[in-house]
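S.K.: The structure is given below, and queries will be raised subsequently.
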Amino acid sequence: MAKITYISHDGASHVVEAQSGHNLMETAVAGGVPGIYGDCGGVCACATCHVHVESSWLAVVGSAQPMEEEMLELTGDVRPNSRLGCQIVVSDEIDGLVVHIPENQGY
Amino acid sequence: MSSGSEIQRHYDVLIVGAGHAGANAAIALRQGGFAGSVGLLGDEPEAPYERPPLSKDYLAGDKTFDRLLIRPLAFWADQQVDLLLGCRALSVDVLQHRVHAAEGSAIGYGKLIWASGGAPRSLVCEGHDLAGIHAIRTRSDVDRLLGELPGAQRVVVIGAGYIGLEAAAVLTKLGKHVTVLEMQDRVLARVTAEAMSRFYEAEHRAHGVDLRLDIGVDCLEGSAGKVTGVHLRDGSVLPADLVIVGIGVIPAVEPLLAAGAEGGNGVDVDAFCRTSLPDIYAVGDCAAHQSVFAGHARVRIESVQNAKDQAITAAKSIMGTDIPYQAVPWFWSNQYDLRLQTVGLLTGYDDVVVRGDPANRSFSLVYLRDSRVIALDCVNKVPDYVQGKALITSYVQFDRAALADDGRPLKSLLTA
Numbered sequence: 143m144a145k146i147t148y149i150s151h152d153g154a155s156h157v158v159e160a161q162s163g164h165n166l167m168e169t170a171v172a173g174g175v176p177g178i179y180g181d182c183g184g185v186c187a188c189a190t191c192h193v194h195v196e197s198s199w200l201a202v203v204g205s206a207q208p209m210e211e212e213m214l215e216l217t218g219d220v221r222p223n224s225r226l227g228c229q230i231v232v233s234d235e236i237d238g239l240v241v242h243i244p245e246n247q248g249y
Numbered sequence: 010m011s012s013g014s015e016i017q018r019h020y021d022v023l024i025v026g027a028g029h030a031g032a033n034a035a036i037a038l039r040q041g042g043f044a045g046s047v048g049l050l051g052d053e054p055e056a057p058y059e060r061p062p063l064s065k066d067y068l069a070g071d072k073t074f075d076r077l078l079i080r081p082l083a084f085w086a087d088q089q090v091d092l093l094l095g096c097r098a099l100s101v102d103v104l105q106h107r108v109h110a111a112e113g114s115a116i117g118y119g120k121l122i123w124a125s126g127g128a129p130r131s132l133v134c135e136g137h138d139l140a141g142i143h144a145i146r147t148r149s150d151v152d153r154l155l156g157e158l159p160g161a162q163r164v165v166v167i168g169a170g171y172i173g174l175e176a177a178a179v180l181t182k183l184g185k186h187v188t189v190l191e192m193q194d195r196v197l198a199r200v201t202a203e204a205m206s207r208f209y210e211a212e213h214r215a216h217g218v219d220l221r222l223d224i225g226v227d228c229l230e231g232s233a234g235k236v237t238g239v240h241l242r243d244g245s246v247l248p249a250d251l252v253i254v255g256i257g258v259i260p261a262v263e264p265l266l267a268a269g270a271e272g273g274n275g276v277d278v279d280a281f282c283r284t285s286l287p288d289i290y291a292v293g294d295c296a297a298h299q300s301v302f303a304g305h306a307r308v309r310i311e312s313v314q315n316a317k318d319q320a321i322t323a324a325k326s327i328m329g330t331d332i333p334y335q336a337v338p339w340f341w342s343n344q345y346d347l348r349l350q351t352v353g354l355l356t357g358y359d360d361v362v363v364r365g366d367p368a369n370r371s372f373s374l375v376y377l378r379d380s381r382v383i384a385l386d387c388v389n390k391v392p393d394y395v396q397g398k399a400l401i402t403s404y405v406q407f408d409r410a411a412l413a414d415d416g417r418p419l420k421s422l423l424t425a
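In the order they appear, the protein sequences are chains U and F. If you want the working numbering, it's the 1-based position in the first sequence plus 142. If you want the working numbering, it's the 1-based position in the second sequence plus 9.
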């Protein structure tokens with residue numbers, strides 16, 4: 143178990159207990175976090191689970207892999223700390239992780 | 010009383026079909042601040058879940074069912090969306106604004122969103138009803154299949170579309186002896202050009218799949234009610250412990266057509282997903298719309314993207330904001346370590362350009378109509394998929410030599 147904090151664009155904070163082995167997209171969806179969708183089910187095919195990793199966590203989480211980086215081009219507001227939530231797998235190491243949800247993901 | 014049944018419930022918006030389209034319609038209504046009552050009726054017992062993994066991760070045993078749920082169970086209660094599960098809509102009374110869901114029960118609606126998807130096409134030949142013959146459309150389909158898998162070694166897949174090929178890839182990896190039968194002379198014939206078909210045929214054969222093209226099924230034979238073999242039109246018999254049928258989907262629109270809705274292959278909808286019947290919308294696999302990406306031809310698109318984006322269009326229209334549906338279609342199919350991503354629709358293409366070398370297992374097909382890009386199939390080639398979308402929506406005419414130059418990023422062609 144790890145606690146993940148998602149901060150919405152409007153500043154609202156959502157803390158979700160994450161199961162190890164699950165990814166950050168499905169953790170958010172299961173936790174009712176708005177602004178993260180994961181239309182493709184987490185196979186890096188839709189780019190609707192974009193997050194900005196809190197900079198202090200970037201070294202632990204790592205930056206986007208090549209394919210993920212290419213998919214990120216489909217989203218807006220791409221930054222060096224941009225990741226797709228479906229590509230970050232939960233482990234004890236990221237207990238306490240904070241990510242920010244960009245504004246442009248919505249219905 | 011014309012209907013003869015008592016109305017048991019009434020919803021301001023009743024959604025028929027609890028798949029991707031239906032679920033997203035309910036979500037979009039609540040996200041948009043819709044305060045009226047919402048009912049989501051589905052014929053399966055499960056809360057809305059994702060279907061794409063059924064032929065991939067779920068079949069492979071890599072994902073448990075709870076990870077397929079589109080939203081956790083508590084979400085629907087929190088959002089005050091009534092889940093009416095295990096309940097099939099039988100008919101629609103357009104005048105009375107009622108859906109008859111089972112004998113004697115009726116559900117009233119203010120607006121109706123028909124999102125019932127489709128039923129897998131079945132074989133009609135002799136032996137089609139033997140045990141051991143499976144479709145891949147619902148969780149229960151796949152659970153039944155998984156239950157028989159340990160005792161099955163020889164699997165015959167009928168139909169080489171996405172579903173059949175994805176299942177073949179998974180089952181081959183699980184060590185099964187898989188034969189794929191296709192009536193046409195190439196795989197994925199409905200959805201790709203020949204170069205892509207040939208590539209996937211070679212991949213499946215290299216992974217040990219016995220792929221047979223141009224071959225029809227005569228009948229299925231069985232013993233003690235269970236399938237044991239497939240008789241082919243050439244007179245040969247393939248032994249089979251298990252048969253998977255993936256020969257397409259029939260849109261579940263009979264109740265709407267019977268109520269007078271226009272349609273045929275699905276139910277016809279306008280740019281706002283409205284059917285020809287008052288207060289009735291249709292979205293997802295069962296809805297046929299005129300697509301700007303198909304030269305305004307009427308198309309029925311079976312995809313997650315179409316399900317979600319049409320659901321949003323209908324929900325917004327119900328909330329008073331009519332925004333025409335014109336999202337760029339996209340699709341994906343994962344087989345082995347190959348990621349096929351498609352953007353656009355290839356309907357009516359008159360030319361195909363290959364970018365990159367299929368031998369490197371990373372290449373794209375660019376589909377053109379009058380030199381305009383209308384679709385791309387990208388295998389392990391994400392930049393083309395991502396950048397190709399802008400080429401499609403530009404409606405600019407491109408030089409095919411430039412498109413074929415794999416050294417040039419596609420986006421550079423737009424600024425050239």
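Built from N, CA and C at the ideal position, the CB exists for glycine as well. None of these values were measured; they are calculated from a predicted model.
#1: Using C-beta distances below 7 Å, list every residue in its chain close to F/Ala-399, excluding the 5 sequence neighbours before and after it, in chain order.
#2: If distances are taken between C-alpha atoms only, which option among F/Thr-237, F/Arg-195, F/Leu-190 comes closest to F/Val-226?
#3: Any beta-carbon of chain U closer than 7 Å to the one on F/Trp-341?
#4: For F/Thr-322, name the three-state secondary structure that DSSP assigns.
#5: If you drop the 5 nearest sequence neighbours on each side, which residues of the same chain put their C-beta closer than 8 Å to that of F/Met-10?
#6: Taking F/Phe-84 and U/Gly-174 to be in contact with their CB atoms under 8 Å, please state how far apart those CB atoms are, rounded to whole angstroms.
#7: Shorter than 7 Å from the beta carbon of F/Pro-418 to some beta carbon of chain U?
#8: Could you tell me which of F/Asp-288, F/Ala-280, F/Ile-253 sits nearest to F/Ala-296, measuring between CA atoms?
#9: Where does the unbroken alpha helix (DSSP H) through F/Lys-398 begin, and where does it stop?
#10: Are the beta-carbon atoms belonging to F/Leu-247 and F/Val-254 less than 7 Å from one another?
#11: For F/Ala-140 and F/Ala-249, I'd like the C-alpha separation in whole angstroms.
#12: Report buried or exposed for F/Gly-26, applying the criterion of at least 16 other Cβ atoms within 10 angstroms of its Cβ.
#13: Grab me the residues of F/Val-258's own chain with a C-beta within less than 8 Å of its C-beta, minus the 5 sequence neighbours each way, in chain order.
#14: Does DSSP classify F/Cys-228 as helix, strand or coil?
#15: Within 10 angstroms of its Cβ, does F/Pro-338 collect 16 or more other Cβ (buried), or is it exposed?
#16: How would you write the range of the beta strand (DSSP E) that F/Gly-51 sits in, first residue to last?
#17: Count the other C-beta atoms from every protein chain shown that fall within 10 angstroms of the C-beta of F/Ile-24, then say buried if there are 16 or more, exposed otherwise.
#18: Is there a C-beta anywhere in chain U that falls below 7 Å from the one on F/Ser-11?
#19: Under a three-way DSSP split, which group does F/Met-10 fall into?
#20: Do F/Leu-78 and F/Pro-62 have their C-beta atoms closer together than 7 Å?
#21: When you compare only the Cα positions, how much space is there between F/Ser-12 and F/Lys-120?
#22: Exposed or buried, U/Met-143, counting other C-beta atoms within 10 Å across all chains shown (16 or more means buried)?
#23: What does the alpha-carbon distance come out to for the pair U/Cys-191 and F/Leu-94?
M.R.: According to the structure shown:
#1: Lys-420, Leu-423
#2: F/Leu-190
#3: yes
#4: helix
#5: In this prediction, F/Met-10 has a pLDDT of 39, which is less than 50 and means its spatial position is unreliable; what the coordinates show is noted afterwards. Excluding positions up to five away in sequence, the list is empty.
#6: 6 Å
#7: no
#8: F/Ala-280
#9: 391-403
#10: no
#11: 12 Å
#12: buried
#13: Gly-126, Gly-127, Ala-128, Pro-129, Arg-130, Arg-146, Asp-294, Glu-311
#14: strand
#15: buried
#16: 47-51
#17: buried
#18: Residue confidence is low: F/Ser-11 scores 42 on pLDDT, short of 50, so the model does not pin down where it sits. Its coordinate-derived value is still stated next. Output row for F/Ser-11: interface = no.
#19: A caution first: F/Met-10 carries a pLDDT of 39, below 50, which makes its placement in the model unreliable, though a value can still be read off. It is coil, neither helix nor strand.
#20: no
#21: Because the pLDDT at F/Ser-12 is just 46, under 50, the model does not fix this residue reliably, and the value given afterwards should be weighed accordingly. Roughly 19 Å between the two C-alpha positions.
#22: exposed
#23: 29 Å
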